[in-house]
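Numbering (the numbering used here), first residue to last: 46 to 352.
So the structure is just underneath, and the comments pick up after that.
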Amino acid sequence: MSKLLIVGTVAFDAIETPFGKTDKILGGAGTFIGLSASFFNVKSAIVSVVGEDFPQEYLDLLTNKNINIDGIEVVPGGKTFFWSGRYHNDMNSRDTLATELNVLADFKPVVPSEFQDAEIVMLGNLHPLVQSSVLDQLTAKPKLVVLDTMNFWMDCALPELLDVMKRVDVITINDEEARQLSGEYSLVKAAAKIHTMGPKYVVIKKGEHGALLFHNKDVFFAPALPLEEVFDPTGAGDTFAGGFSGYIAQSGDTSFENMKNAIIHGSNLASFCVEKFGTERMVALDKEQVLNRLQQFKALTQFEITL
């Protein structure tokens with residue numbers, strides 16, 4: 046069974062959307078990636094940090110999903126990373142109301158020895174120096190390293206981000222971030238520019254408009270499943286990344302052709318995540334529901350045409 050090493054925040058979120066609002070709930074990139082990857086036959090571990098205020102029931106939830114939590118440091122007396130945001134009516138734009146780094150400010154990741162030879166590494170959205178320090182701890186070269194990042198790091202840690210990008214195989218970012226990173230408006234030109242920075246594969250997420258996969262001159266597009274309601278898009282990108290990396294780890298195939306399937310699996314799982322607040326939908330999800338929706342994706346994209 047392949048090993049998947051996940052690095053990312055395990056955190057508290059407070060969300061407000063046109064459909065309602067929450068108090069502090071379970072969130073964080075590492076959490077969503079781990080829950081999504083748990084639908085595949087892989088050995089996964091999360092490397093992260095939480096405070097003493099983090100409920101044991103949340104740690105138990107991850108363990109019950111067969112996620113190794115040996116790499117989640119619990120800081121005595123510390124407070125867990127907290128983010129609060131309010132989404133606009135279009136659900137694509139949001140305002141950050143609060144960001145409290147707390148224990149994340151001094152986070153020095155420690156990769157469990159059992160996962161220092163992981164075949165697949167998923168570097169969730171964190172400071173690029175933290176992402177680099179994880180790669181420094183590996184004892185064997187992974188088959189695939191996937192990096193997720195955001196415009197915040199492009200604004201305040203661009204040199205460090207460019208350094209870690211030279212060490213990864215895949216980068217996943219949204220369309221706005223791809224344009225900022227590359228300085229190109231055309232996503233085709235943006236992907237080509239980002240290729241020169243290190244990643245062999247560029248995944249550009251477009252929210253409700255699907256995702257694009259670029260590799261040299263090859264391009265693949267996967268639509269997003271049209272949904273009746275979107276309650277909370279907060280963890281969608283991380284859930285996508287978890288489905289993408291989880292499928293690659295399960296299959297052991299890092300070819301462009303197989304990454305097409307990984308994009309579909311990631312999109313499929315992300316379509317569930319947005320249906321409830323926080324992790325609620327992912328926790329209650331079962332494999333039969335996942336398989337049934339994959340059939341919907343297949344029907345959405347397959348057609349016969351006479352040429």
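From the three backbone atoms N, C-alpha and C, an ideal C-beta is built for every residue, glycine too.
Fair warning: this is a prediction, and the values are worked out from it, not measured in the lab.
Exercise. Give me the Cβ distance between Glu229 and Asn196, rounded to the nearest whole Å; I'm assuming they're in contact under 8 angstroms.
Key: Contact doesn't hold; Cβ gap of about 15 angstroms is too wide.
Self-check item: Under the three-state DSSP convention, the category Thr54 falls into
Solution: coil
Quiz prompt | Opening and closing residue of the beta strand (DSSP E) in which His260 lies | solution = Ala256 to His260
Quiz prompt | Given Glu274 as reference, the closest of Lys88, Phe99, Cys318 and Asp105 once Cα atoms are compared | solution = Cys318
Quiz item: Going along the chain, which residues of its own chain have a beta-carbon closer than 7 angstroms to the beta-carbon of Gly123, five neighbours each way excluded?
Solution: Gly96, Glu97, Asn147 and Val148
Quiz item: Where Ser178 and Pro154 are concerned, what is the direct C-alpha to C-alpha distance, given to the nearest angstrom?
Solution: 7 angstroms
Quiz item: In terms of residue numbering, what span does the beta strand (DSSP E) encompassing Gly96 cover?
Solution: Lys88 to Gly96
Quiz item: How many angstroms separate the CA atom of Leu50 from the CA atom of Leu352?
Solution: 45 angstroms
Quiz item: On the three-state DSSP scale, how would you describe Leu336?
Solution: helix
Practice problem: Could you check the C-alpha separation between Phe322 and Asp277 for me, to the nearest Å? | Solution: 5 angstroms
Practice problem: Check Ile78 in the structure and name its three-state DSSP category. | Solution: helix
Quiz item: Terminal residues of the continuous beta strand (DSSP E) containing Asn219?
Solution: Val215 to Asn219
Self-check item: Rounded straight-line distance, which links the Cα of Ile91 to that of Ala236
Solution: 29 angstroms
Quiz item: With Gly169 and Ile249 assumed to form a contact (beta carbons below 8 angstroms), what rounded beta-carbon distance in angstroms separates them?
Solution: Wrong, their Cβ atoms sit about 17 angstroms apart, outside the cutoff.
Self-check item: Inter-stretch contact at 8 angstroms, needing at least 3 Cβ pairs: the stretch 303-316 / the stretch 252-269
Solution: yes
Practice problem: Find out if the Cβ-Cβ distance for the pair Asn313, Phe342 is shorter than 8 angstroms. | Solution: yes
Quiz item: With a CB to CB cut of under 6 angstroms and the five nearest residues on each side skipped, what residues in its chain are close to Phe99?
Solution: Thr125
Self-check item: Opening and closing residue of the beta strand (DSSP E) in which Gly72 lies
Solution: Ile70 to Gly72
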